[in-house]
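The structure appears below as structure tokens.
There are 2 protein chains.
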Amino acid sequence: MTSTKKRLKVHFTPDNVDITVPQGENLLKAALAAGVHINAACGGNGVCGTCKVLIKKGEVTGPRSEKISPEEYEQGYRLSCQSRIESDLSVEVPLESRLETAVLGREMGTAEAKTEETVATGWSFNPPLNKCYVEITPPTLKDNASDLSRLLRSLKRRCNLSNVSVDLDVVKDLSRVQRKKGGQVTVTTLVKAVKTKSDKRKPTIIKVESGNTSREHYSLAFDIGTTTICGQLLDLNRGRVVAESMAYNGQISYGADVITRIARSQQPGGLKKLQQAVVATINQIIDELVARSRIKVEHIGHMIVAGNTTMTHILLGLDPKYIRLSPYTPVANFLPPVRARSLGIGVGKHVHLFTFPCVASYVGGDIVSGVVGVGLHQSPKLTLYMDIGTNGEIVVGDSDWMITAACSAGPAFEGGGIKHGMIAAAGAIQDVTIDPVSLEPEVSTIGGEKPKGICGSGLINIIAALLEAGAIGQNGKFNTELKSQRIRRGGDGYEYLLSKESETQTGKDIVITEVDIDNLIRAKAAMYAGCRTLLSSVGISLSALEQVIIAGAFGSHIDIERSITIGLLPDIPRDRFIFVGNGSLTGARLTSFSTDLLDDARKVAIMMTNLELSERADFMDSYIAALFLPHTNAAEFPAAAKRLAGLKGSGPEGRPVL
Amino acid sequence: MTSTKKRLKVHFTPDNVDITVPQGENLLKAALAAGVHINAACGGNGVCGTCKVLIKKGEVTGPRSEKISPEEYEQGYRLSCQSRIESDLSVEVPLESRLETAVLGREMGTAEAKTEETVATGWSFNPPLNKCYVEITPPTLKDNASDLSRLLRSLKRRCNLSNVSVDLDVVKDLSRVQRKKGGQVTVTTLVKAVKTKSDKRKPTIIKVESGNTSREHYSLAFDIGTTTICGQLLDLNRGRVVAESMAYNGQISYGADVITRIARSQQPGGLKKLQQAVVATINQIIDELVARSRIKVEHIGHMIVAGNTTMTHILLGLDPKYIRLSPYTPVANFLPPVRARSLGIGVGKHVHLFTFPCVASYVGGDIVSGVVGVGLHQSPKLTLYMDIGTNGEIVVGDSDWMITAACSAGPAFEGGGIKHGMIAAAGAIQDVTIDPVSLEPEVSTIGGEKPKGICGSGLINIIAALLEAGAIGQNGKFNTELKSQRIRRGGDGYEYLLSKESETQTGKDIVITEVDIDNLIRAKAAMYAGCRTLLSSVGISLSALEQVIIAGAFGSHIDIERSITIGLLPDIPRDRFIFVGNGSLTGARLTSFSTDLLDDARKVAIMMTNLELSERADFMDSYIAALFLPHTNAAEFPAAAKRLAGLKGSGPEGRPVL
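Printed below as a string of structure tokens:
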């Protein structure tokens with residue numbers, strides 16, 4: 107920018123925030139700089155259309171996008187990522203373009219509880235963070251050992267802790283703290299390193315407080331997802347969740363998926379911006395956890411974080427460049443714990459942040475955490491673990507072996523790439539029944555609010571319902587011969603009207619399009635083909651699976667029968683399926699409670715063999731065969747096929763056009 | 107200070123430095139703030155007289171000191187620590203009040219070399235810092251392990267290094283560095299923790315450079331003394347010293363001994379100032395080592411530092427408060443390695459600083475380092491190790507056991523508390539012969555320069571010579587009946603004129619006073635009584651000692667026969683004495699070459715039993731008995747007594763007045 111450029115003022119509503127920028131500045135950049143979070147799923151490349159804004163006053167220039175209809179264009183809608191600011195502006199960010207964190211208040215408790223009861227069992231309660239109250243004998247001329255020596259002796263006598271090391275920061279305050287209340291201190295120790303074969307555990311003293319503070323003993327467990335971040339505040343004395351909170355990952359403004367984010371990280375200063383964005387979200391969640399629980403942030407002593415490989419890299423400031431370039435190498439899978447505060451996280455300086463080890467570029471710490479959380483590594487049963495998130499990862503194995511793969515399912519299951527898609531938050535359509543005769547829908551939303559969009563589980567249910575009602579065929583195309591106003595032609599081809607503008611929060615029709623359906627078919631085909639390929643690589647059939655554990659942001663909401671109907675889940679006895687919700691968060695929590703499980707995480711990551719599906723010729727065959735509802739080979743879904751056939755009006759009988 | 111105070115300008119010569127300060131500011135403080143280093147042995151309490159300056163223009167106020175003679179006062183001499191600035195000033199800092207580092211150019215090589223040859227032998231060359239050049243196989247889709255995994259695999263194959271951990275800083279650059287020269291990298295590993303019984307060694311990767319830099323492989327060894335700091339730049343490929351340098355510890359401006367420094371550290375900001383002062387000196391030495399050797403500072407990969415307990419505390423920023431308060435507890439004796447740069451030391455950010463473990467408040471890492479350096483812990487011989495520095499520490503034992511004590515000898519052996527005392531630098535009188543008839547002296551100085559003062563070894567030699575010539579009696583008092591212009595009455599009582607003003611650098615007479623002699627007698631009595639007490643605590647006689655190892659800044663310069671004559675060293679067969687010079691620096695160097703010795707340091711520190719002499723009733727008896735030249739009990743020094751008796755004119759026969 108040169109000094110001759112005019113300075114222009116941009117006003118954003120409903121945030122009521124102003125920012126002054128040079129003429130010609132990109133509008134999305136200006137919004138980010140002003141702290142206004144606009145959804146920008148494609149990372150600002152003008153292809154996704156999610157960053158739509160309404161220019162209420164002033165002038166912008168830029169290419170016209172097909173994502174803006176002529177009518178919208180007339181009203182003043184523009185893609186913020188494609189707009190150059192040419193005058194003072196007043197800009198409204200419409201509901202559907204906003205990242206709202208307040209709506210993420212849904213309950214997670216039930217599914218979580220079930221997990222612990224039904225799956226992970228083989229662990230004892232021994233948190234890596236430990237607090238111990240000791241009374242140190244004052245020094246005498248006969249015994250004038252150093253302050254630290256006397257502390258270590260007391261720690262050994264009172265808490266049976268030996269082989270202890272100490273952080274220098276602790277030593278700096280030791281004399282003062284130790285004398286403040288006549289030798290009464292509370293010592294916080296942390297097992298930083300995991301135990302390997304030949305080693306004894308070595309706790310490190312990370313904090314010494316005067317007096318007895320052993321009752322205040324908390325830690326944080328986080329799942330850092332590409333789309334959402336979930337955090338729990340844990341009471342390490344009682345072994346339970348004190349508070350829990352969730353927010354959109356602030357990185358969404360830089361792209362919806364890891365590939366876009368990695369691309370963004372390669373721009374000058376990009377990695378730092380992405381790192382700051384995720385840290386800002388983490389801090390926001392911590393603030394909320396602390397406010398809700400009325401626990402002082404200084405009583406939090408530890409953080410365990412599970413994230414996919416890219417999220418882990420960015421959080422720690424590692425360059426993710428080669429994750430997206432063949433042959434897809436992460437910088438590192440096993441990373442040492444870091445001081446949380448060195449990353450900008452607003453906790454005490456003694457707090458260390460542990461990240462789950464990753465397995466490969468697309469099988470990350472979230473999967474390792476999930477596997478540990480559900481106890482797969484302790485199970486004698488042959489198990490398929492599926493994590494259905496922005497990406498899809500699968501694991502097959504038992505306590506003796508594990509093989510894993512990433513499916514490149516894309517973000518459809520979290521509402522990404524779907525015209526009216528959104529994450530599983532209040533106002534999201536999560537279920538529908540469609541009258542087989544009139545084709546009229548009855549939708550239900552999360553929180554019972556007016557509809558705002560469609561979440562991943564809603565998408566599965568809608569497509570299954572359309573299929574069962576005969577509104578679409580097994581190839582995912584609409585039966586246009588049916589007489590219904592609900593099926594119509596829209597901007598993206600045929601679409602089904604779920605909610606009319608008068609009934610929605612956005613004031614616009616909510617539809618599902620053939621393009622959306624196609625996106626979901628591709629996503630479910632990738633997941634299913636991934637499972638098939640992984641199993642066949644080890645010579646195991648789907649029917650041999652003794653249990654199928656399904657994790658993911660929507661894992662506790664999807665309907666098993668309908669998921670089989672569309673061919674996402676295999677057609678095996680229904681009692682073999684277990685839903686665990688956010689398995690990754692469960693793992694982060696349980697390892698906060700059990701050092702044994704923390705050790706296990708390392709073993710699991712080492713134990714897992716990663717299969718690159720792109721290297722397997724049979725994956726593409728399986729994938730193409732799965733691009734049908736439920737599958738081109740009806741024999742693979744006998745129960746589903748039978749059920750579909752038995753339903754009245756099961757639509758156009760046209761064979762799939764592949 | 108209030109805003110109404112006048113701002114005054116102070117000009118210092120010969121530095122030619124100006125500073126502006128408020129009216130009433132202390133002159134010593136102003137000099138420190140201006141970067142003018144003035145000797146202030148007592149820490150600014152007006153009792154030592156070493157901070158004398160000449161006010162050439164302007165006015166100061168303050169109490170009159172007995173350390174300034176009426177004649178000097180007339181000329182404008184004042185104690186800077188006692189002077190308030192009342193007008194613009196021009197201040198000359200005379201030679202004797204200055205801390206000059208340039209004069210410290212004396213050779214240390216000879217004594218050092220002897221040490222390694224004759225004492226420490228039981229170690230192999232395996233530095234804790236290691237460099238290894240590896241060529242990493244590029245990733246493929248069949249083998250797309252993380253960059254770090256591939257690095258670790260290469261390291262294991264090529265350098266047989268396993269069980270390796272890694273600093274996060276290294277991981278951050280790994281992708282880039284590893285690809286820069288096609289997988290050719292040089293890996294620097296460090297064994298951070300010492301090996302304990304059950305553990306394998308765990309090297310940590312602290313740096314990865316692209317290309318082959320294994321030829322550039324250096325580290326630093328430091329001895330941080332209360333008075334002087336010595337540093338060596340070591341070539342870890344060849345196992346030798348590349349350069350060596352020495353400077354006054356910048357903390358001298360805050361007091362001559364550890365007690366004064368600890369007192370100073372308790373003032374607001376005091377600890378930080380002292381820490382910065384020692385770091386500034388370290389940086390100055392590093393600059394000089396780097397300049398002399400033409401080695402790039404970034405090729406230095408490690409630092410090992412030996413210092414007494416107080417020096418170690420201050421360097422690391424630990425509060426030394428309780429070191430000087432009974433029952434004399436350090437904060438900690440065993441400290442984790444720290445990043446040198448976090449202390450302000452000007453080396454690469456990957457450089458860790460290891461400090462030798464201490465034993466007690468007055469037996470520090472310098473003694474542990476010395477014991478390891480001379481191989482006492484490997485020796486079957488019953489050994490007495492004496493470190494004669496600003497304080498005196500002694501160790502008795504062999505490879506199976508060790509007992510240690512600190513003697514509170516005071517700074518006399520380093521020239522402290524002596525009217526014309528100075529450290530062993532160029533211009534210091536280090537030897538003298540006195541004609542037994544005329545009592546005329548012939549002095550020799552370090553570097554052959556004109557005399558400037560008296561160093562510790564000079565003091566021993568002068569007192570022995572005065573005793574042998576009969577100029578003083580065995581009680582240390584002058585024989586005033588002798589006819590000699592050399593013995594005269596001065597401001598501090600009787601004194602002996604060593605060099606006339608016309609012959610000296612300072613343009614003033616250099617004398618030794620009865621007070622000086624008394625100070626030395628007290629110091630040597632403390633050392634000797636310490637040895638006696640320590641030995642008797644374990645039931646061992648002096649004659650049972652198989653070797654006596656003498657370390658200290660002047661250790662390689664003192665005359666053994668004369669040291670026995672004055673009763674500093676025991677009267678045992680002369681061939682049992684070994685001089686090792688700076689044993690502490692030797693230990694720091696050898697542990698830089700040998701991880702085994704680094705492990706030994708920990709064992710030695712644990713093995714040493716500290717005896718508090720102040721707790722022993724017999725120490726005071728021994729001390730009082732030793733306040734005589736050589737001793738009140740002539741039977742303890744049979745050879746010395748015989749020799750003294752045989753000398754012509756062995757002075758006044760008055761029995762000592764105790």
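Protein sequences appear in the order of chains A and B. One gets the working numbering by counting positions in the first sequence from 1 and adding 106 to each. One gets the working numbering by counting positions in the second sequence from 1 and adding 106 to each. Each residue gets a CB set at the ideal place from its N, CA and C atoms; glycine is no exception. Remember, it's a predicted structure, so these values are computed and weren't measured experimentally.
By the Cβ rule, the stretch 634–651 of chain B does not count as touching the stretch 590–610 of chain B, because fewer than three pairs are nearer than 8 Å. For B/Arg282, there is no enclosing beta strand (DSSP E); the enclosing alpha helix (DSSP H) covers residues 274–286. The shortest C-alpha to C-alpha distance from B/Ala383 to any of B/Val277, B/Leu449, B/Leu717, B/Ile593 is the one to B/Leu449. For A/Phe699, there is no enclosing beta strand (DSSP E); the enclosing alpha helix (DSSP H) covers residues 689–699. With contacts defined by Cβ atoms closer than 8 Å, A/Val123 and A/Val142 form a contacting pair. Interface annotation, A/Asp253: in contact with chain B, CB-CB separation under 8 Å. Check the Cα spacing between A/Val240 and each of A/Pro309, A/Met508, A/Val314, A/Pro169: the tightest is with A/Val314. A/Gln536: member of the beta strand (DSSP E) spanning 534–540, first to last residue. Taking 8 Å as the threshold, the shortest C-beta distance from A/Glu241 to chain B does not fall below it.
A/Asn145 and A/Ile358 have their C-alpha atoms spaced approximately 6 Å apart.
Any Cβ of chain A closer than 8 Å to the Cβ of B/Lys278 would place that residue at the interface, and such an atom is present. Counting along the chain, the unbroken beta strand (DSSP E) around B/Lys237 starts and ends at 235–241. Closer than 7 Å at the C-beta level to chain A, one finds these residues of the stretch 436–450 of chain B: Pro436, Val437, Ala438, Asn439, Leu441, Pro442, Val444. Annotated as proximal: A/Met528 and A/Ile560, with beta-carbon spacing under 8 Å. Under a 10 Å Cβ-count criterion, B/Phe231 is classified as exposed, with fewer than 16 other Cβ atoms of the shown protein chains found around its own Cβ. Considering only B/Pro234, B/Arg749, B/Cys238, B/Ser260, the residue with the shortest C-alpha distance to B/Pro245 is B/Ser260. Within the same chain, Lys298, His458, Leu459, Phe460 come within 7 Å of B/Pro443 by CB-CB distance, once the 5 residues on both sides are set aside. A/Lys427 reaches chain B at Ser281, counting residues in chain order whose Cβ is nearer than 7 Å.
A/Cys336 sits close to A/Leu691, with the two beta carbons spaced by under 8 Å. Listed along chain A, the residues sitting closer than 9 Å to B/Leu247 by beta-carbon distance are Ser432, Pro433, Tyr434, Glu718, Ser720, Glu721. When the five nearest sequence neighbours on each side are left out, the beta carbons in the same chain lying within less than 6 Å of the beta carbon of A/Leu573 are those of Leu735, in order along the chain. If you look at A/Phe725, you'll find it in the alpha helix (DSSP H) that goes 723–731. In terms of beta-carbon proximity, A/Asn266 stays away from the interface with chain B, with every pair separated by 8 Å or more. A straight line joining the alpha-carbon of A/Ile593 with that of A/Gly673 spans about 23 Å.
A direct Cα-to-Cα measurement between A/Leu719 and A/Lys748 gives close to 31 Å. Counting C-beta atoms within 10 angstroms of its own C-beta, B/Asn739 has fewer than 16 neighbours from the protein chains shown and is therefore classed as exposed. Distance from the Cα of B/Ile311 is smallest, within the candidate group B/Thr294, B/Gly317, B/Lys301, B/Lys455, for B/Thr294.
Taking 8 Å as the threshold, the shortest C-beta distance from B/Val314 to chain A does not fall below it. A direct Cα-to-Cα measurement between A/Ile678 and A/Ile578 gives close to 25 Å. Here the alpha carbon of B/Gly150 sits roughly 47 Å from the alpha carbon of A/Cys265. Contact between A/Glu652 and A/Lys402 fails: their C-beta atoms lie close to 46 Å from each other, not under 8 Å. Taking the C-beta atoms as reference points, B/Glu620 is found no nearer than 8 Å to B/Gly562. At a cut-off of 8 Å between beta carbons, A/Ser193 makes no contact with chain B. Between B/Ser467 and B/Tyr434 a beta carbon distance of about 4 Å is seen, short of the 8 Å cut, so the two are scored as contacting. A buried status is given to A/Tyr360, since no fewer than 16 other beta-carbon atoms sit within 10 Å of its beta-carbon.
A/Gly471 is outside the set of residues whose beta carbon lies under 8 Å from a beta carbon in chain B.
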